[in-house]
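Reading through the structure tokens given below for one structure.
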Amino acid sequence: MIDFKEKLVDLFIEKYNQFERGEILEIIEIPPQEDMGDLALPCFKFARVFRKAPNLIAEEICANLASNEYFQEIRNMGPYVNFFVNKELIARSVINNVYVQGERYGSSTLGEGKNVIVEFSSPNIAKPFSIAHIRTTVIGHALRNIYKFLGFNTIAINHLGDYGTQFGKLIVAFKTWGDRETVEKDPIPELLKLYVKFHDVAEEKPELEDEAREWFKKLEEGDEEAYQLWQWFRDVSLKEFNRIYEMMGIDFDSYAGESFYSDKMNAVIELLEEKGLLKDSEGAKIVDLEEYNMPPALITKSDGSTLYITRDLAAAIYRKQTYDFYKNIYVVGSQQNLHFQQMFKVLELAGFDWAKDCIHIPFGMVSLEEGTMSTRRGRVVFLEDVLNKAVEKTREIIAEKNPDLPDKEKVAREVGIGAILFQELSHSRIKDYLFSWDTALSFEGETGPYVQYTHARACSVLEKAGVKTFADIFAINGKETTVEPGRALENVDYGLLLEDEAYQVIKQIYTFPESIIKAMERNEPFLITRNIIDLAQAFNKFYHEYPILVEDPELRKARLLLVLCTKIVIKTGLKLLGIESPEKM
Ligand code: ARG
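Under the numbering used here, the first residue of the sequence shown is numbered 796, with each subsequent residue one higher.
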């Protein structure tokens, strides 16, 4: 693809070779308004060299740079020089690239040979898979797709919360009030009830807590009864979780959760001991982090049992040994910021230079209108219910608006679930947000169904035109049907795509690859969401303004190319976000 920023630098350096390419590239901006062109060069920085006011410099630079094949117009405006790219050229370049790469348009080999771990979802066994976990699941899945698309070798890990003192509590609760059959029937809600009951009762009977500690200790020591119960809780929970992952089309390369490290923790403790990092604190072992303004990392409790952070340390070391990662990414809510800071610090203090490659990707909290979610209080919204309701609502809409739609059930799932996933990815991840059924189930405005609908609209135009592929379009007007890529593309009149509405579509497609790279660099899938929303809006404007299936074969051809490119890019974008693109809806 033509890199117009580089072309701008070429043009500039040719006249002003006293500057470095890098420093010019760095200051190029995208103007805020269409009438200011596509790229802008701010002249403030040149004031010292030119010894003039920036607007005079802009004037001078503009006078010295002649438009060329890449820029059809160069204008100065105040302290800026504005560049208008050659619309015909950009149209040709974009269409050529989408044609050659197809659904791989925007992909790259940037990450070749590099292993990236994306740890996400990581729900807790025996607890509900609630909407609190939707964000890590959806953001993490999108990140994994993005890294993969850019050529990285990804390893998706579900660090299941399947270990810890809460299992002692659950064992006590189950042994006291539980019943196997009831749990088998509806595992997670029943286990949740037991967990909630434990906390209610323990408020009056604190000795229950001791009992729970005792049982967790037994579990750590390999006690048969404790182990059997734990294994059973884990099995029934995983079955439930997998049903939800399947609904969302998500899978993992590894389910090595906390329990996986239960036999790898002594090594960690020994290592920390060896490095002289462990301190005794009333029988517990800690790593003092006061120097770094953090509370101490608690490595073992006074009864010798290990903690969440101990297991995370073991996991990081194991991952480095097993995957030799380039990046080890943790997609976990911002409530755990301190936990990750402490853990990364301990790794660094232990002398692991790769500690810097461990990255916590936080996201904001989801709260409910009735207050924060709390598993202990049983105040949760089950993710599965949200997904099911969205599908149900879509089903109703289809029944009302498009009852003859083929594959209704499949489309209802793709659109309903897509709506929920899209919503998660339609704002910056760090923002907290309030979950509301109304917004989750609204299909108006900048939503997943809107973008999917735009894709389906493009499909329907192509279908009406009787074309499926680029070759079908190139064949219009009886010109060569089986031509090499270059020649076929020469048979198109790109000058027919100069209307502003068409140009906006081209521009969005042009920036799509860039948005993927940025999404990777900032670990922010939302940047892709933004790009495809803008593309959908630009396309719909174009579609409303200009008929596509016109008589004139050359015009028809050019416009159909735009439709096909739009369809491909929306589909790829949605796929990166983990969302399907039905062809009809
Ligand atoms: N299971 C934890 C939770 O639900 C998240 C685990 C995050 N990952 C980690 N490596 N600590 O809160």
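We treat Cβ as the ideally placed atom computed from N, Cα and C, and that holds for glycine.
Buried or exposed by the 16-neighbour rule on C-beta atoms within 10 Å, applied to residue 822
It counts as exposed.
Indicate, with yes or no, if the ligand ARG has a heavy atom lying under 7 Å from the CB of residue 1110.
Yes.
Inter-residue Cα distance where the pair is residue 1353 and residue 814
Each residue's Cα considered, the two are about 41 Å apart.
May I ask you to verify whether the region 1359 to 1376 touches the region 1317 to 1335, counting CB pairs closer than 8 Å and requiring at least 3?
In short, these stretches touch, since the Cβ pair count reaches three.
Could you give the DSSP three-state label for residue 905: helix, strand or coil?
Residue 905 sits in coil when the DSSP states are folded into three classes, being neither helix nor strand.
For residue 924, which three-state DSSP category applies?
Note: residue 924 maps to coil in three-state DSSP.
Nearest chain C C-beta to residue 1304 closer than 8 Å, yes or no?
Given the protein chain composition of this structure (a single chain), no chain C is represented.
Within this structure, are the beta carbons of residue 1357 and residue 1260 separated by less than 8 Å?
The criterion of a C-beta distance shorter than 8 Å is not satisfied by residue 1357 and residue 1260.
Once you ignore the five residues that flank residue 898 on each side, which residues in its own chain have a CB closer than 7 Å to its CB?
Correct list, in chain order: 1363, 1366 and 1367.
Measure the Cβ-Cβ separation of residue 1105 and residue 1095 and say whether it is below 8 Å.
Contact flag set, yes.
Tell me whether residue 1127, by its Cβ, gets closer than 7 Å to a heavy atom of the ligand ARG.
Residue 1127: yes, Cβ under 7 Å from the ligand ARG.
How far does the beta strand (DSSP E) with residue 1348 in it reach, from first residue to last?
The continuous stretches of beta strand (DSSP E) do not include residue 1348, which lies in the alpha helix (DSSP H) extending over residues 1348 to 1371.
Residue(s) in a DSSP beta bridge with residue 837
DSSP, once it has assigned bridges, lists 875 as partnering residue 837.
So, helix, strand or coil for residue 1135, using DSSP?
If DSSP states are grouped into helix, strand and coil, residue 1135 belongs with the helices.
Under DSSP, the beta strand (DSSP E) around residue 1155 begins and ends at which residues?
Looking at the DSSP string, the run of the beta strand (DSSP E) that includes residue 1155 is 1153 to 1156.
Among the residues of its own chain, which have a CB less than 8 Å from the CB of residue 1128, if the five just before and after it don't count?
Non-local C-beta neighbours of residue 1128 in its own chain, meaning closer than 8 Å and more than five positions away in sequence, comprise 927, 930, 931, 1157, 1158, 1159 and 1160, ordered along the chain.
Can you name, in chain order, every residue of its own chain whose Cβ lies under 7 Å from the Cβ of residue 1149, other than the five neighbours on each side?
If we look at residue 1149 and ignore the five residues flanking it on each side, its Cβ neighbours are 1115.
With a threshold of 7 Å (Cβ to nearest heavy atom), would residue 919 be considered close to the ligand ARG?
Residue 919: yes, Cβ under 7 Å from the ligand ARG.
When you compare only the Cα positions, how much space is there between residue 1401 and residue 884?
Any question about residue 1401 goes unanswered here, given that the chain covers just 796 to 1380.
Tell me, which residues are paired with residue 1092 by DSSP?
Residue 1092 is bridged to 1082.
Spatially closest choice to residue 1016 from 907, 959 and 938, by CA coordinates
The residue from 907, 959 and 938 with its alpha-carbon nearest to that of residue 1016 is 959.
Please indicate yes or no: does the CB of residue 1107 lie closer than 7 Å to some heavy atom of the ligand ARG?
Relative to the ligand ARG, the beta carbon of residue 1107 is positioned inside 7 Å of a heavy atom.
Measure the beta-carbon distance from residue 836 to residue 875 and round it to whole angstroms, keeping in mind my assumption that it falls under 8 Å.
Correct: roughly 7 Å between the Cβ atoms.
Where do the ends of the beta strand (DSSP E) carrying residue 1230 lie?
Under the DSSP assignment, residue 1230 falls in the beta strand (DSSP E) whose first and last residues are 1228 to 1230.
Which runs of the alpha helix (DSSP H) spanning at least 4 residues fall entirely within the region 961 to 995, listed in chain order?
Runs found: 975 to 980.
Is residue 956 a contact residue of the ligand ARG, with contact defined as CB to any heavy atom under 7 Å?
True, at least one ligand heavy atom lies under 7 Å from that Cβ.
contact_flag[the region 1084 to 1094, the region 1122 to 1142] where n(CB pairs < 8 Å) is 3 or more
The region 1084 to 1094, when compared against the region 1122 to 1142, does touch it at the 8 Å Cβ threshold.
Where do the N-terminal and C-terminal ends of the beta strand (DSSP E) with residue 1163 fall, by residue?
Membership of residue 1163 in the beta strand (DSSP E) is indicated by the continuous run 1161 to 1163.
At least three beta-carbon pairs within less than 8 Å, the region 956 to 974 to the region 1331 to 1342
The region 956 to 974 vs the region 1331 to 1342: no contact.
Any heavy atom of the ligand ARG inside 7 Å of the beta-carbon of residue 1296?
No, Cβ of residue 1296 sits at least 7 Å from all heavy atoms of the ligand ARG.
Which residues mark the beginning and the end of the alpha helix (DSSP H) in which residue 1212 is found?
Segment 1203 to 1219, the alpha helix (DSSP H) holding residue 1212.
What would DSSP say about residue 1026, mapped onto helix, strand or coil?
The answer is helix: DSSP assigns residue 1026 an H, G or I state.
Rounded to whole angstroms, what is the Cα-Cα separation between residue 1012 and residue 1056?
Taking the straight line joining both Cα atoms gives about 15 Å.
CB of residue 1035 to nearest heavy atom of the ligand ARG: below 7 Å?
It does not: the Cβ of residue 1035 is nowhere closer than 7 Å to a heavy atom of the ligand ARG.
Within the chosen definition, does the region 944 to 955 reach the region 1198 to 1216 through at least 3 CB pairs nearer than 8 Å?
No, the region 944 to 955 is not in contact with the region 1198 to 1216.
Residue 1318 to residue 972 span [Cα, whole Å]
When rounded, the separation of the alpha-carbon atoms in residue 1318 and residue 972 is 45 Å.
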